[in-house]
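In our numbering, the protein residues as written are 46 to 529. C-beta atoms are modelled at their ideal positions from N, C-alpha and C, and glycine is treated no differently. As the structure is a prediction and not an experimental result, all values here were calculated from the model. See below for the structure under consideration.
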Amino acid sequence: MPELTDIVGGREIVVVANRLPVDRVVETDGTASWRTSPGGLVTAMEPVVRELGCLWVGWSGGADEDLPPFEAEGMRLVPVPLSGDDLEGYYEGFANGTLWPLYHDVIAQPGFHREWWESYERVNRRFAEVVAHEAPRDAIVWVHDYQLQLVPALLRALRPDLTIAFFLHIPFPARPLFAQLPWRREIVEGLLGADVVGFQREQDAASFRAAAERYADALAHGNLLRLSAEDDDPSRSVLAQEFPISIDADAFAALATRPEVRRRAEEIREELGNPRTVLLGVDRLDYTKGIRHRLKAFAELLDEGEVTVGEAALVQVASPSRERVAAYRRLREEVERTVGRINGEHGSIAHTPVVYLHQGFSREEMAALYLAADVLVVTALRDGMNLVAKEYVACRSDELGVLVLSEFTGAADELRRALLVNPHDIEGMKAAFLRAIHMPEKEQQRRMRGLRAVVQGNDVRHWAENFLRASSSMAEQRAAADTS
Ligand code: G6P
C-alpha cells in the first residue's frame with residue numbers, strides 16, 4: 046500500500062472543514078473536554094488525517110471561542126472562531142437553512158435571505174484567511190463540504206502557490222433546483238477556484254459541470270472544465286469528477302470482533318426482551334433521513350398484524366442535530382409524537398415496539414448495536430452517501446444481517462445487494478421490511494458477502510488515494526504550466 050504522503054509527492058496537505066473532528070464541550074462546572082464531532086464527514090476524514098499527520102482547520106463547535114491551535118488525539122487542529130451572529134447567519138442560516146435543503150432536493154423549503162448570504166461570505170473569507178496564513182508553500186489544501194464553497198476561489202487569490210482540492214459530501218442539485226439560488230454564479234465561481242472538485246456520485250459531478258458551463262462560461266471536455274484566461278489569471282482546467290467516499294472498514298471490523306463489543310450486543314438483545322428480529326435505524330435527527338416514512342411503514346405493519354410486538358422491535362438512534370434550526374425542531378416534535386403514539390397503541394408492559402434514543406453514542410456502542418441488529422433500515426429521501434450503511438456491512442463479519450437501503454443514497458450506487466427501496470412508496474417499504482425480517486440465512490449470507498466485498502474493496506484509504514492522486518496530478522500540471 047503506497048503511503049498517502051508519497052502519492053502527493055511529499056507535498057504538505059492541509060484539511061479544511063466547517064467542523065474540527067472534535068467538539069469542545071463545556072460542563073456546567075466550567076470544565077471543558079473534547080468529544081468526537083457528529084456526522085459522516087468526520088467519520089470518514091479522521092483516519093485519513095491521522096495517517097497524513099496534517100493540519101485540520103475548522104470550527105470548535107462553540108460560539109465566541111478564540112482558541113489557539115492545539116493537539117487532540119494525535120491531530121494538529123487549528124480552530125476558526127465563529128460568533129453568535131456567524132452561527133445564526135452562516136451556520137444555521139445559509140449553510141443549513143438554504144444550502145442543505147436546496148442540495149437535498151428541496152425536501153424542506155430553503156430560505157433565501159441576503160443577510161445569511163453576507164454572513165456566509167464573511168465566514169468563508171475568514172476560513173480562507175486562516176488557511177492562507179497556516180498553509181506551507183506549495184501545499185495541497187483539501188477543502189470539505191457545502192459550508193465552505195467560496196473558500197477555493199478566495200484562497201486562490203490569497204495564495205496562488207497552493208493546489209486546491211474540494212470535496213462535496215452531500216449531493217449537488219440538478220440544474221432546475223440549483224437555478225433557484227440567487228447566488229448560484231458566486232457559488233460556482235467559488236468552487237472553480239479549486240483544481241479538483243470531487244463529488245459523491247456521477248450525477249452530482251454532471252450537474253456541477255452543467256452549472257459551470259451555464260453560470261461561469263466553462264467548457265466541459267469529459268470530466269475537465271476549461272476556464273478561459275481572465276485578467277492576470279491564465280486559462281486553466283478544473284477536474285470535476287465523482288469519488289464515492291467510504292469508511293475505515295478494517296477499523297469497524299476490528300471493533301466488532303472485540304469480546305466486550307460482542308458481549309454488549311448480546312446484552313442489548315436481552316435488554317430488548319430477546320425479540321426474534323431487531324430492526325435498527327441510525328441517523329442524525331434530520332428531515333433528509335426519512336425517519337417519519339420508516340416509522341409509518343413500521344406502524345402500519347403493526348396495525349395490520351404483519352409484525353407483532355415482542356417478536357420485532359425497532360431501535361431508532363436519532364442523534365441530536367442543528368437543534369436551533371426551525372425545520373429540525375419541527376421534525377423532532379413530529380418524530381417524538383409518532384413514536385409515542387406507536388408505543389402507546391402497540392406496546393405492552395413487557396415490550397416497547399420502538400426504542401427511540403435521542404442521543405449520540407460511542408463507536409463501540411454503535412458497533413454493538415450493528416451486531417445486535419438483524420436488519421438495518423436506511424430510508425433517506427436524499428443522502429450524499431450514507432456511511433451508516435457501510436459501517437453496518439463492515440461490522441458483519443458473521444455475514445448475517447440484512448441491509449434495507451434507500452435508492453436515493455449515494456451508497457445505493459455501490460451496495461446493489463441490499464434490499465433497495467423507494468422511501469416514498471410506503472407499501473414497497475413494508476414489503477421490503479417483511480422480506481428482510483423473514484429472509485433465510487443463506488440469502489442473508491449471499492447478499493452480505495457481496496456487500497462486504499464492495500465496502501472492503503473501496504474503503505476510505507482507497508478513496509483518499511484516488512482523490513489525492515488526482516489532486517497531485519493537477520498540481521503537477523500547474524507546475525508544468527508555470528515553468529513553460
Ligand atoms: C453531514 C455534513 C457535514 C456535517 C455533518 C454534521 O455529514 O455533510 O458537513 O458536519 O452532517 O452536521 P453539523 O451541522 O452538526 O456539522
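Taking 7 Å as the line, does the beta carbon of Ile215 fall inside it for any heavy atom of the ligand G6P?
yes
Of the residues Pro221, Arg95, Asp458, Glu410, which one's Cα is nearest the Cα of Ala256?
Pro221
Under 6 Å Cβ to Cβ from His338, same chain only, skipping five residues before and after it: list those, please.
Thr424, Pro468
Helix, strand or coil: how does DSSP classify Pro197 here?
The DSSP-derived three-state label of Pro197 is helix.
Name the DSSP beta bridge partners of Gln361, please?
Gly326, Tyr401
Using DSSP's beta-bridge definition, name the partner residues of Leu222.
Bridge partners of Leu222: none, in fact.
Am I right that Ser82 and Val70 are in contact with their C-beta atoms under 8 Å? What's the rounded C-beta distance?
Going by Cβ atoms, the distance from Ser82 to Val70 rounds to 11 Å, so no, they are not a contact pair.
Within the present structure, is the beta-carbon of Asp190 separated from the nearest heavy atom of the ligand G6P by less than 7 Å?
yes
Distance cut-off 7 Å: Ser364 Cβ against heavy atoms of the ligand G6P:
no
With distance defined between alpha-carbon atoms, name the residue in Val447, Ala456, Arg230, Ala153 nearest to Leu479.
Val447
How about His189 and Leu86: do their beta carbons lie closer than 8 Å?
yes
From this set, Glu452, Leu460, Phe453, Arg427, which residue's C-alpha is nearest Glu436's C-alpha?
Nearest of Glu452, Leu460, Phe453, Arg427 to Glu436, Cα basis: Leu460.
Alpha helix (DSSP H) segments (min. 4 residues) lying fully within the stretch 63-112:
Assignment of alpha helix (DSSP H) within the stretch 63-112, counting only whole runs of 4 or more residues, yields 85-97 in chain order.
Three-state secondary structure assigned by DSSP to Met430
coil
Under 6 Å Cβ to Cβ from Leu213, same chain only, skipping five residues before and after it: list those, please.
Phe244
Inspect the CB distances between the stretch 162-182 and the stretch 200-208 and report whether three or more fall short of 8 Å.
yes
Cβ atoms of Trp161 and Phe537: under 8 Å apart, would you say?
The question about residue 537 has no answer here: the residues shown for the chain are numbered 46 through 529.
If you draw a straight line from the alpha carbon of Pro216 to that of Gly455, how long is it in whole angstroms?
8 Å
CB of Leu86 to nearest heavy atom of the ligand G6P: below 7 Å?
yes
Taking contact to mean at least 3 C-beta pairs separated by less than 8 Å, is the stretch 387-396 in contact with the stretch 339-354?
Cβ pair count under 8 Å is three or more, so yes.
Assuming contact is defined by CB atoms lying nearer than 8 Å, are Pro30 and Val125 in contact in what I supplied?
Coverage of the chain is limited to positions 46 through 529, which leaves residue 30 absent and any answer about it impossible.
Whole-angstrom Cβ separation of Ala310 and Leu416, contact assumed at under 8 Å?
Confirmed, Cβ separation roughly 4 Å.
Do the stretch 319-337 and the stretch 285-298 make contact, defined as three or more Cβ pairs closer than 8 Å?
no
Roughly how many angstroms separate the alpha carbons of Ala108 and Ala261, rounded to a whole number?
35 Å
Look at the alpha carbon of Pro398 and the alpha carbon of Glu351, and state the distance between them as a whole number of angstroms.
13 Å
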